[in-house]
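Per numbering that gives the first Met the number 0, the sequence shown starts with residue 0, numbered consecutively. A virtual CB, placed ideally from N, CA and C, is assigned to each residue, including glycine. Here the structure is a predicted model, which means the values were calculated and not measured. One structure is given here, and the rest of the page talks about it.
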Amino acid sequence: MKHFTITLAFIFGLSNHGFSQTIEPSTSDSSLQDEQTQPKKEWKIFSELDLGLLALTGGIGSYSGVRKGPHSFEVGYQKFKSPEGFGGTPEGFDLKVDYIYSVHYSYFWNGKTDKGLYTRIMYQNKKQIVTEESTGISENLYSDLVGVELGYIFRIYKGLYVMPRIGALYYLKSPQGKDNNPVPVGDSFYDNDRHKTWDTYFIPTVSIGYSFPIN
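Right, dumping it as structure tokens:
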């Protein structure tokens, strides 16, 4: 009987030890599972069209670039006629943006993917053409700006998305020169308070875009 009791105790101990090993995952297994549940930070190409700019001015604003995880690098191009209410154009003048070339870096707040809330840092090189309506005489105005933008990407279907955004830009180089003096154009002087220190779009504009993986 004594030997039988010892034998049962031995078998029970081995069984309990084996069971414990099967239900307790190793650290390496847990790490592997964590890696598998993390979203893959893949490279993507994307392109966007500024619908707000198109609707308000009939112009074009397009942006393209690459993304990986929460990081996005893009370049942009804009060209449009600036309505009085849109660009602060003084009475008696026409103003159009001949070009805006821009470079951006964006970071998505979730820290993992290119979805949701993001912050964008921007640099713009801009050429405007102001024309006196009565004489048809024009002058070219050049400027450089840096700014920040806040936006949100809503995924619609696969790579298709919309992104409302607001932003503010600071003039490193003002179109009216260092001292922001009125610019002689024909028989008049052009003076636009909107384009001296800050240029903002606090009423959200909306872009539509599409992205797809390349790896």
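> Mapping DSSP to helix, strand and coil, what is T56?
Replying inline: In the sequence shown, the residue the question calls residue 56 occupies position 57. It is helical.
> Under a three-way DSSP split, which group does T204 fall into?
Replying inline: As a working note, residue 204 is residue 205 in the sequence shown. In the structure shown, T204 sits in a strand (DSSP, three-state: E or B).
> Can you tell me whether DSSP reads T131 as helix, strand or coil?
Replying inline: Counting from one through the sequence shown, the residue named residue 131 turns up at place 132. According to the sequence shown, residue 131 is Glu rather than Thr. Three-state result, E131: strand.
> Does the Cβ-Cβ distance between V205 and G51 come in under 8 Å?
Replying inline: Here the question's residue 205 lines up with position 206 in the sequence shown. Here the question's residue 51 lines up with position 52 in the sequence shown. For V205 and G51, yes; Cβs fall inside 8 Å.
> Within this structure, are the beta carbons of D198 and L168 separated by less than 8 Å?
Replying inline: Numbered from 1 along the sequence shown, position 199 holds the residue referred to as residue 198. Numbered from 1 along the sequence shown, position 169 holds the residue referred to as residue 168. Cβ atoms of D198 and L168: closer than 8 Å.
>> Considering Cα atoms alone, identify which of G60, E41, W42 is closest to S101.
In response: Locating residue 101 in the sequence shown gives position 102, counting from the first residue. That would be G60, whose Cα lies nearest to the Cα of S101.
> Going by other Cβ atoms of all chains shown within 10 Å of its Cβ, with 16 needed for buried, is N191 buried or exposed?
Replying inline: In the sequence shown, residue 191 corresponds to position 192, counting from 1. Buried: at least 16 other Cβ atoms inside 10 Å.
> Can you tell me where the beta strand (DSSP E) with W108 in it begins and where it stops?
Replying inline: Here the question's residue 108 lines up with position 109 in the sequence shown. Unbroken run through W108: none, as it is neither H nor E.
>> Taking 8 Å as the limit between beta carbons, can you name the residues of its chain near D143, skipping five residues before and five after?
In response: Walking along the sequence shown from the start, residue 143 turns up at place 144. Here the set comprises Y122, Q123, N124, K125, Y170, L171, K172.
> In the structure shown, what three-state DSSP assignment does G86 receive?
Replying inline: Here residue 86 corresponds to residue number 87 of the sequence shown, with the count starting at 1. In the structure shown, G86 sits in a helix (DSSP, three-state: H, G or I).
> What residues in its chain sit with their C-beta under 6 Å from that of G185, if we drop five residues either side in the sequence?
Replying inline: Sequence index remark: in the sequence shown, residue 185 carries index 186 (1-based). Closer than 6 Å at Cβ, skipping near neighbours: E131, T134, I136.
> Does the count of Cβ pairs from the stretch 64-74 and the stretch 101-117 closer than 8 Å reach three?
Replying inline: yes
> Looking at the unbroken beta strand (DSSP E) that takes in I44, where does it start and where does it end?
Replying inline: As a first step, residue 44 is located in the sequence shown; it is residue number 45 there, counting from the start. It spans 42-49 - the beta strand (DSSP E) in which I44 sits, taken as one unbroken run.
> Among residues of its own chain, excluding the 5 on either side of S63, which ones have a beta-carbon nearer than 6 Å to its beta-carbon?
Replying inline: On the sequence shown, residue 63 is found 64 positions in, with the first residue counted as 1. Correct list, in chain order: S46.
> Taking the C-alpha atoms as reference points, what is the distance between D178 and K195?
Replying inline: Locating residue 178 in the sequence shown gives position 179, counting from the first residue. Locating residue 195 in the sequence shown gives position 196, counting from the first residue. The alpha-carbon atoms of D178 and K195 are separated by roughly 9 Å.
> Beta-carbon separation of Y117 and I165 under 8 Å?
Replying inline: The count along the sequence shown starts at 1 and reaches residue 117 at position 118. The count along the sequence shown starts at 1 and reaches residue 165 at position 166. No; because the gap between Cβ atoms is not below 8 Å, this pair is not in contact.
> Which whole-angstrom value describes the C-beta separation of V145 and I207, a residue pair presumed to lie in contact below a C-beta threshold of 8 Å?
Replying inline: The residue you call residue 145 lines up with position 146 of the sequence shown. The residue you call residue 207 lines up with position 208 of the sequence shown. No, V145 and I207 are not in contact; Cβ-Cβ is about 26 Å, not under 8 Å.
> Should D113 and I152 be called a contact, given that it needs their Cβ atoms to be closer than 8 Å?
Replying inline: Taking the sequence shown and counting its residues from 1, the one referred to as residue 113 is at position 114. Taking the sequence shown and counting its residues from 1, the one referred to as residue 152 is at position 153. Contact flag set, yes.
> By a C-beta neighbour count over all protein chains shown, 10 Å radius and 16 as the cutoff for buried, is V129 buried or exposed?
Replying inline: Stepping through the sequence shown from its first residue, residue 129 is reached at position 130. So V129 counts as buried.
>> Taking the straight line between their C-alpha atoms, what separation do you get for R119 and W108?
In response: Here the question's residue 119 lines up with position 120 in the sequence shown. Here the question's residue 108 lines up with position 109 in the sequence shown. About 11 Å.
> Which same chain residues, not among the five before or five after F211, have their C-beta less than 7 Å away from its C-beta?
Replying inline: Reading the sequence shown from its first residue, position 212 is the one you call residue 211. Only K43, I44, G158 meet the Cβ criterion.
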